[in-house]
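Enquirer: In mature numbering (1 follows the signal peptide of the UniProt record, and there is no 0), the protein residues as written are -34 to -1, 1 to 191.
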Amino acid sequence: MAYIRAPRRHGKTSIRRIAAALFLSLALSAPTAAGNDRAGAFDYYILALSWSPNWCAAESEARGADQCDREHGWILHGLWPQHERGYPAWCQSAERPPPRRMTAAMADIMGSAGLAWHQWRKHGSCSGLSAAEYFARSRAAHDAITLPPVFDQLRKPVRLPASVVEEAFLKANPGITADMLSVTCRGDLIAEVRLCLTRELEPRACGRDVARDCALSRALMLPRP
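Shown next as structure tokens:
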């Protein structure tokens, strides 16, 4: 597993500037909750795919995570109900929460049962579907996407334009166009690929608050462990 060298110490002013820049980067890379949180009331889905080695390197909560003990590449972060602007979250749902065996069965593509449980609570509860239907739809959407094999072949960390990740996904999935896809970064790391889908899981153009690509020219991709 490759490690990122710790940054040098900065003065208080530099730290504040870095923190402000990181906050702005994260705010611009993610759609915002819309406050309209009624289960089943949404316009389309986002299929979010996370590059697991980068997540495991960036997240403090990744220490000891099941996901990071395995050789995952792209994992399904979630299938998120989305409004044309903003998204619903943590909806009140009449559906029963998923049993442990159901979330455990999603670990092969989601990295861990814990992530599957969290995704149901935050996003699946807004789908208007039962937990079984939501996870079945999540798997179907995931399996319909061809993951570019080139990133699985990395043997050492590389820096590349974030647009290269987008181009790789577009090449592997000829039915998808650039306005249906967004690549996000966290700090200097490639974070996610987000694909916009209709409620019938067909590719569609993303809303304006989602179509914000990472513009880094030297984004970092870490290899699978």
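Beta carbons: idealized from backbone N, C-alpha and C, even for Gly.
1. Ignoring anything shorter than 4 residues or poking outside the stretch 24 to 110, list the alpha helix (DSSP H) runs there in chain order.
2. Identify the continuous beta strand (DSSP E) that holds S16 and give its terminal residues.
3. For P115, tell me which candidate among F135, W83 and G153 has the shortest Cα-Cα distance.
4. Tell me, please, which residues DSSP counts as bridged to A185.
5. To the nearest angstrom, how far is the alpha carbon of A79 from that of E166?
6. Counting beta carbon pairs with one atom in the stretch 91 to 107 and one in the stretch 118 to 130, are three or more of them shorter than 8 angstroms?
7. Would L10 and Q48 be called neighbours here (beta carbons separated by less than 8 angstroms)?
8. Mapping the DSSP letters down to three states, classify E158 as helix, strand or coil.
9. Smallest Cα separation from E50: which of D175, P189 and S183?
10. Would you give the residue range spanned by the beta strand (DSSP E) that V149 belongs to?
11. Quick check: the Cα distance between F101 and W46, rounded to an integer number of angstroms?
12. Quick one, which of A181, C162, M187 and D179 has its alpha-carbon nearest Y53's?
Expert: The answer reads as follows:
1. 66 to 70, 73 to 76, 79 to 88 and 97 to 109
2. Residue mapping note: residue 16 aligns to position 50 of the sequence shown, counting from 1. Note, S16: beta strand (DSSP E), Y10 to W17.
3. Stepping through the sequence shown from its first residue, residue 115 is reached at position 149. Measuring from the Cα of P115, the nearest candidate turns out to be F135.
4. In the sequence shown, counting from the first residue as 1, residue 185 sits at position 219. Per DSSP, L126.
5. Here the question's residue 79 lines up with position 113 in the sequence shown. Here the question's residue 166 lines up with position 200 in the sequence shown. Looking at the two C-alpha atoms, the distance is approximately 25 angstroms.
6. No, they do not touch.
7. The residue given as residue 10 occupies position 44 in the sequence shown. The residue given as residue 48 occupies position 82 in the sequence shown. Note that residue 10 is Tyr in the sequence shown, not Leu. It is a contact, given that the beta carbons lie within the stated cut-off.
8. On the sequence shown, residue 158 is found 192 positions in, with the first residue counted as 1. The answer is strand: DSSP assigns E158 an E or B state.
9. In the sequence shown, residue 50 corresponds to position 84, counting from 1. If we check each option's Cα against that of E50, D175 comes out closest.
10. Mapped onto the sequence shown, residue 149 falls at position 183. Unbroken beta strand (DSSP E) run through V149: L147 to R152.
11. On the sequence shown, position 135 is the one that residue 101 refers to. On the sequence shown, position 80 is the one that residue 46 refers to. If I take the Cα positions, the gap works out to 12 angstroms.
12. Within the sequence shown, residue 53 is the residue found at index 87, counting from 1. Comparing Cα positions, the closest option is C162.
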